[in-house]
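Quick note on numbering: the sequence shown equals residues 1 to 307 in full-length UniProt numbering.
Notes follow once the structure below has been shown.
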Amino acid sequence: MKVKIRVPSTTANLGPGFDVFGAALSLYNEFEAEYVPNARKTSFILEGEGKKLLPKGEENFVWQSMLETFKVLGEDKYKLENLNIRIKTGIPLNGGLGSSASAIVGGIALANVLCGKELDKSKSQVADIAIKIEGHPDNVVPAVFGGLCACSKDGDGDHRTVLHLPIPKLKAVLCIPSFELRTKRSRQILPKSIGLKDVVFNISRVAMLTVAFCRGDYSLLKQGMQDKVHQLYRGKMIPAMNEVFETAISAGAYGAFLSGSGPAIAAFCNEKEALNVQKAMVKRWKEESISVKSHILDFDTKGVLEI
Ligand code: HSE
């Protein structure tokens with residue numbers, strides 16, 4: 001039996017919505033698993049950017065998430081030795097586009113299909129397992145459902161709410177610098193508590209962001225994507241972060257923000273401005289001698305899919 005799954009990339013936070021807002025985008029990873037009952041050795045095939053970088057054994061996130069799902073489903077027939085796993089990475093690995101969330105969601109979906117699709121069809125159990133593994137919901141939830149989501153998780157994740165917002169009629173310009181910034185490190189540097197003024201600032205921006213998307217009034221995004229909870233601190237590790245935001249806006253973007261925990265930066269704009277915005281952002285980073293990969297992306301509406 002062979003199973004093939006596609007999972008979209010994601011951009012999280014959208015500025016002030018730290019650990020809450022996330023959107024699925026049109027760059028994808030593909031995951032394949034074949035069950036070979038009498039095999040004694042796993043075949044792990046990696047393709048794309050992850051070819052030389054991802055681990056091929058038990059430490060691989062896709063396998064770990066499959067294992068977690070087999071446990072939830074009470075299934076112990078599948079071992080690493082009797083699976084052929086193929087991972088084709090189209091999502092850049094160096095941070096900001098949800099590549100680990102995609103591996104987690106891909107692993108859960110592979111295990112679910114191998115086990116006869118026992119998890120509920122609404123994908124809500126897939127999201128629950130993924131949130132438990134990842135810890136925060138804002139990348140895994142849009143990777144599961146697609147679209148633009150606001151998510152809340154209480155305690156260990158036993159209570160969670162997912163709100164689906166209208167998909168923006170916009171393009172997302174993503175610029176991914178060549179240096180890496182691990183999410184773990186990028187979370188460690190954040191302060192343990194935030195002052196009341198900054199909290200009020202972020203609440204007001206999240207209100208603007210929500211209204212902007214619900215009404216399709218994107219002129220609110222410039223202010224609505226401002227943040228004082230995480231970008232301030234992360235910006236110290238990302239050369240010219242604020243200047244790249246400003247450059248994107250001057251070139252025609254409605255708003256710009258650090259994509260997830262960075263170092264990628266995202267800007268939302270109309271289709272006709274997208275190329276200008278992309279060129280301006282890349283040029284500004286080049287002035288800092290930082291080479292950048294960039295993509296003009298659509299919003300993915302489907303989330304994780306069996307293909
Ligand atoms: N909300 C997360 C963060 C996204 O900013 O750390 C990265 O996974």
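Where a beta carbon is used, it is the ideal one built from N, C-alpha and C, also for glycine.
Assuming Leu110 contacts Glu49 (C-beta within less than 8 Å), just tell me the rounded distance between them.
That belief does not hold up - the Cβ atoms of Leu110 and Glu49 are roughly 20 Å apart, past 8 Å.
Is Ile194 helix, strand or coil by DSSP?
Here Ile194 sits in coil by DSSP.
Given that a residue counts as buried once 16 or more other Cβ atoms are within 10 Å of its Cβ, and exposed if not, what is Ile189?
Classification for Ile189: exposed.
Following a CB-centred definition, is residue 312 positioned closer than 6 Å to any heavy atom of ligand 1?
Residue coverage of the chain in this structure runs from 1 to 307, which leaves residue 312 outside it and unanswerable.
Along the chain, where does the beta strand (DSSP E) containing Phe44 start, and where does it finish?
Here the beta strand (DSSP E) through Phe44 covers Ser43 to Gly48.
So Pro8 is in the beta strand (DSSP E); what residue range does that whole segment cover?
Run containing Pro8: Lys2 to Ala12, per the beta strand (DSSP E) assignment.
So residue 355 packs on Thr11, CB below 8 Å; how close in whole Å?
Nothing can be reported for residue 355: it is not among the residues displayed for the chain, which extend from 1 to 307.
Taking only three categories from DSSP, how would you classify Ala264?
Correct three-state label for Ala264: coil.
If you reduce the DSSP assignment to three classes, tell me which class Phe18 lands in.
Of the three classes helix, strand and coil, the one that applies to Phe18 here is coil, per DSSP.
Going by the C-beta, is Ser261 closer than 6 Å to any heavy atom of ligand 1?
Checking every heavy atom of ligand 1 against the Cβ of Ser261, one is found closer than 6 Å.
Look at the Cβ atom of Gly95, then the Cβ atom of Leu25, and state whether they are nearer than 7 Å.
No, Cβ-Cβ distance for Gly95 and Leu25 is not below 7 Å.
I'd like to confirm the pairing. Which residues does DSSP put opposite Thr89 in its beta bridges?
Paired residue(s): Asn29 and Gly48.
So what's Phe61 in DSSP terms, helix, strand or just coil?
Three-state result, Phe61: helix.
So which of Asn29, Phe70 and Gly107 has the shortest CA-CA distance to Lys51?
If we check each option's Cα against that of Lys51, Asn29 comes out closest.
Going by beta-carbon coordinates alone, are Ala39 and Val3 separated by less than 7 Å?
It is not a contact, given that the beta carbons lie outside the stated cut-off.
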